[in-house]
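The opening position of the sequence shown corresponds to residue 431 in our numbering, with each subsequent residue numbered one higher. By construction, the Cβ of each residue, glycine as well, lies at the ideal position given by its N, Cα and C atoms. These notes are about the structure you will find just below.
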Amino acid sequence: MHMTDLIEKKKRGLVLTEEEIRFIIDRYTAGEIPDYQMSAMLMAILFRGMTMPETTALTMAMAHSGDMVDLSALGEHTADKHSTGGVGDKTSLVLCPMVAACGAKMAKMSGRGLGHTGGTIDKLESFPGFSVSMSPERFLEIADTVGFVIAGQTANLAPADKKMYALRDVTATVDSIPLIVGSIMSKKLASGAKTIVLDVKTGSGAFMETERDAFTLAQEMVNVGKEAGRNMAAVVTDMDQPLGFAVGNALEVKEAIDVLSGADVPDLMELCMVLGSNILVRSGLADGDEEARARLKDAVESGAALRKLADMVEAQGGDSAAVYDPSLLPAAPVQRSVKAPRSGYITAMAAKEIGLVSMHLGGGRSTKEDVIDLSVGVVLRAKVGARLAEGDELAVIHAPDEAAALRAEEELLACYTFADEPAYRPPFIRGVVT
Ligand code: URA
Numbered sequence: 431m432h433m434t435d436l437i438e439k440k441k442r443g444l445v446l447t448e449e450e451i452r453f454i455i456d457r458y459t460a461g462e463i464p465d466y467q468m469s470a471m472l473m474a475i476l477f478r479g480m481t482m483p484e485t486t487a488l489t490m491a492m493a494h495s496g497d498m499v500d501l502s503a504l505g506e507h508t509a510d511k512h513s514t515g516g517v518g519d520k521t522s523l524v525l526c527p528m529v530a531a532c533g534a535k536m537a538k539m540s541g542r543g544l545g546h547t548g549g550t551i552d553k554l555e556s557f558p559g560f561s562v563s564m565s566p567e568r569f570l571e572i573a574d575t576v577g578f579v580i581a582g583q584t585a586n587l588a589p590a591d592k593k594m595y596a597l598r599d600v601t602a603t604v605d606s607i608p609l610i611v612g613s614i615m616s617k618k619l620a621s622g623a624k625t626i627v628l629d630v631k632t633g634s635g636a637f638m639e640t641e642r643d644a645f646t647l648a649q650e651m652v653n654v655g656k657e658a659g660r661n662m663a664a665v666v667t668d669m670d671q672p673l674g675f676a677v678g679n680a681l682e683v684k685e686a687i688d689v690l691s692g693a694d695v696p697d698l699m700e701l702c703m704v705l706g707s708n709i710l711v712r713s714g715l716a717d718g719d720e721e722a723r724a725r726l727k728d729a730v731e732s733g734a735a736l737r738k739l740a741d742m743v744e745a746q747g748g749d750s751a752a753v754y755d756p757s758l759l760p761a762a763p764v765q766r767s768v769k770a771p772r773s774g775y776i777t778a779m780a781a782k783e784i785g786l787v788s789m790h791l792g793g794g795r796s797t798k799e800d801v802i803d804l805s806v807g808v809v810l811r812a813k814v815g816a817r818l819a820e821g822d823e824l825a826v827i828h829a830p831d832e833a834a835a836l837r838a839e840e841e842l843l844a845c846y847t848f849a850d851e852p853a854y855r856p857p858f859i860r861g862v863v864t
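Below is the structure:
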């Protein structure tokens, strides 16, 4: 088999066989196919697309390029969740303790933030002493005893994706649905959970800006997961404005703690309910949506979910006192109140740009090596649909100094659109694909 023939085949829009796809992935991971040939193949896939069997074969080959984590010792109720990334997305910090309190075992590997989106393991490092690396044995032990564990991704999990993602990033081949499916689902399948729920974001702050592409991506990921014998569900949700109110690492941890303590953050809680219900029902822990939601609600109201968060922080070496007293989390020295510049309704908020405000304050990275400031960010006081009078508080900026706060205020005000009449707002949950 020759890579040039396979590039030619895909360039002409023909279908690659499973054997050919395995050849490409195995040889590329082993360093036997050079980046320039793989780049040509990736671009051919981007333009010509892949059939569902091709996408499945691609994902399987990528998943099997490294370790396949064995979670069988944790029993039948292992679960994992993935979000395609957004602004203010602290869902895992709320969802994992909720489902763990209901009997699920979440053994999660998460990423760090890059660009305008945040990463769960950065956020968790807001707890003093918290560690995201541990031995495989300890990882399983925490998942088993606490019900959830969140670690950084191990080096040998889907190494094909690591190489391919770096190449896609510099060859303008990120935005291909089969390549995104292969990238996300290879890591999820290799992570070993029996039940996988996906949160596919759509809108200005998301990878998939159109709802149609988001549903296609959701459906293809569900299909591939089912082919691999996993219980699957994908929820397509709005990312036209940030999720919840807080944007920034420690600020999002605080919001997650607040929600687990009963605070009302409607979009975040609804998302946790939909994802949580799918985890409980699909993994056999609840008989239907109604029972699942009742159990999840009870997990919050009884304080069991908050205790799970504290147990997990403690098990991973962190100081869990901050779970019960969030004033112990990193706090920025300057807090600046931003006022509404006019009366009227908020009709739009540029999610990605709000993520960038937090990033420019020091809360995000432009390169993988950047060190981030966990304390900074923005807490929104009002979201799309709210009616404000001129001078009402719009948001609070948490900054390292006054000059940064002023710059952030100017950037933040440019993210809002106001009008005299409210605008049509599509539902937050656009649909569930099973
Ligand atoms: N997230 C991933 O892990 N991979 C992609 O290709 C896109 C988003």
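Cut-off 6 Å between Cβ atoms - residues of its own chain near T864, not counting five sequence neighbours on either side: Correct list, in chain order: A663.
Runs of alpha helix (DSSP H) lying entirely within the region 794-846, each at least 4 residues, in chain order: The region 794-846 contains these whole alpha helix (DSSP H) runs: 832-843.
Integer-rounded CB distance, given that A770 should sit under 8 Å from G821: Contact between G821 and A770 holds: their C-beta atoms lie close to 6 Å from each other, under 8 Å.
Beta-carbon gap between T625 and I572 smaller than 9 Å: For T625 and I572, no; Cβs fall outside 9 Å.
Proximity winner among R598, Q649, T459, A537, relative to M482 (alpha-carbon distances): If you compare the alpha carbons of R598, Q649, T459, A537 with that of M482, the shortest gap goes to Q649.
Coil, strand or helix - H432 by DSSP: If DSSP states are grouped into helix, strand and coil, H432 belongs with coil.
Closer than 8 Å: K617 CB and nearest ligand 1 heavy atom: Yes - ligand 1 has a heavy atom lying nearer than 8 Å to the Cβ of K617.
Closest residue to K428 among C532, P558, A761, R712 (Cα-Cα distance): The requested residue 428 is not part of the displayed model; the chain covers only 431 to 864.
DSSP state of N661 mapped onto helix, strand, coil: Note: N661 maps to strand in three-state DSSP.
Option in S621, P589, K535 with minimal Cα separation from D500: It is S621 whose Cα lies nearest to the Cα of D500.
Euclidean distance between Cα positions of A474 and A644: For A474 and A644, the gap between their C-alpha atoms comes out near 22 Å.
Three-pair Cβ contact test at 8 Å for the region 578-594 versus the region 540-553: Counting Cβ pairs under 8 Å, three or more are found: they touch.
Segments of 3+ residues assigned as beta strand (DSSP E) that fall wholly inside the region 711-795: Runs of the beta strand (DSSP E) lying entirely within the region 711-795, each at least 3 residues long, are 764-769, 774-779 in chain order.
Proximity of T667 and T777 at Cβ, strictly below 9 Å: At least 9 Å separates the beta-carbon of T667 from that of T777.
Delimiting residues of the alpha helix (DSSP H) encompassing D424: There is no way to answer for residue 424, as the model of the chain reaches only from 431 to 864.
Identity of the residues DSSP links to H512 by a beta bridge: DSSP lists L628 as the bridge partner or partners of H512.
Three CB pairs or more closer than 8 Å across the region 517-527 and the region 737-755: Yes: at least three Cβ pairs fall under 8 Å.
F858 Cβ short of 8 Å to ligand 1 heavy atom set: Checking every heavy atom of ligand 1 against the Cβ of F858, none is found closer than 8 Å.
Residue of S805, V730, Y775 minimising C-alpha distance to Q765: Ranking S805, V730, Y775 by Cα distance to Q765 puts S805 first.
Which listed residue (R712, S502, L810, T632) has its alpha carbon closest to that of E823: Looking at the Cα atoms, L810 is the closest of the given residues.
Where K520 sits in the DSSP three-state scheme: Three-state DSSP puts K520 in coil, outside helix and strand.
Segments of 3+ residues assigned as beta strand (DSSP E) that fall wholly inside the region 526-600: Within the region 526-600, the complete beta strand (DSSP E) runs of at least 3 residues are 535-540, 578-582.
Simplified DSSP state of F848, which is helix, strand or coil: Secondary structure of F848 (DSSP, three-state): strand.
Counterpart residues of A676 in DSSP-defined beta bridges: DSSP lists V809 as partners of A676.
9 Å Cβ cutoff met for A537 and L488: Judged by beta-carbon spacing, L488 lies beyond the 9 Å limit of A537, meaning their Cβ atoms are not closer than that value.
Contact test: Y775 Cβ vs ligand 1 heavy atom, cutoff 8 Å: No, since every heavy atom of ligand 1 falls outside the 8 Å radius drawn around the Cβ of Y775.
Three or more C-beta pairs below 8 Å linking the region 599-612 and the region 494-512: Here the region 599-612 makes no contact with the region 494-512; the two share fewer than three CB pairs at distances below 8 Å.
Member of K535, S691, R568, Y595 whose CA lies at the smallest distance from the CA of S732: Cα-wise, what sits closest to S732 is S691.
Straight-line gap, L843 to A781 (C-alpha atoms, nearest Å): About 12 Å.
C-beta atoms of V808 and A676 nearer than 9 Å: A distance below 9 Å separates the beta carbons of V808 and A676.
S634 to T514 span [Cα, whole Å]: One C-alpha to the other measures close to 13 Å.
Contact the region 669-685 vs the region 718-725: 3+ CB pairs below 8 Å: Taking a cut-off of 8 Å for Cβ pairs, the region 669-685 and the region 718-725 do not touch, as fewer than three such pairs fall below it.
Distance cut-off 8 Å: F637 Cβ against heavy atoms of ligand 1: Yes; taking the cut-off as 8 Å, the Cβ of F637 has a heavy atom of ligand 1 nearer than that.
T640 versus D670: straight-line alpha-carbon distance, rounded: Taking the straight line from one Cα to the other gives about 11 Å.
With 16 other Cβ atoms within 10 Å as the buried cut-off, status of E839: Within 10 angstroms of the beta-carbon of E839 lie 16 or more other beta-carbons, which makes it buried.
Through-space distance from A623 to R660, alpha-carbon basis: So the alpha carbons of these two residues sit roughly 8 Å apart.
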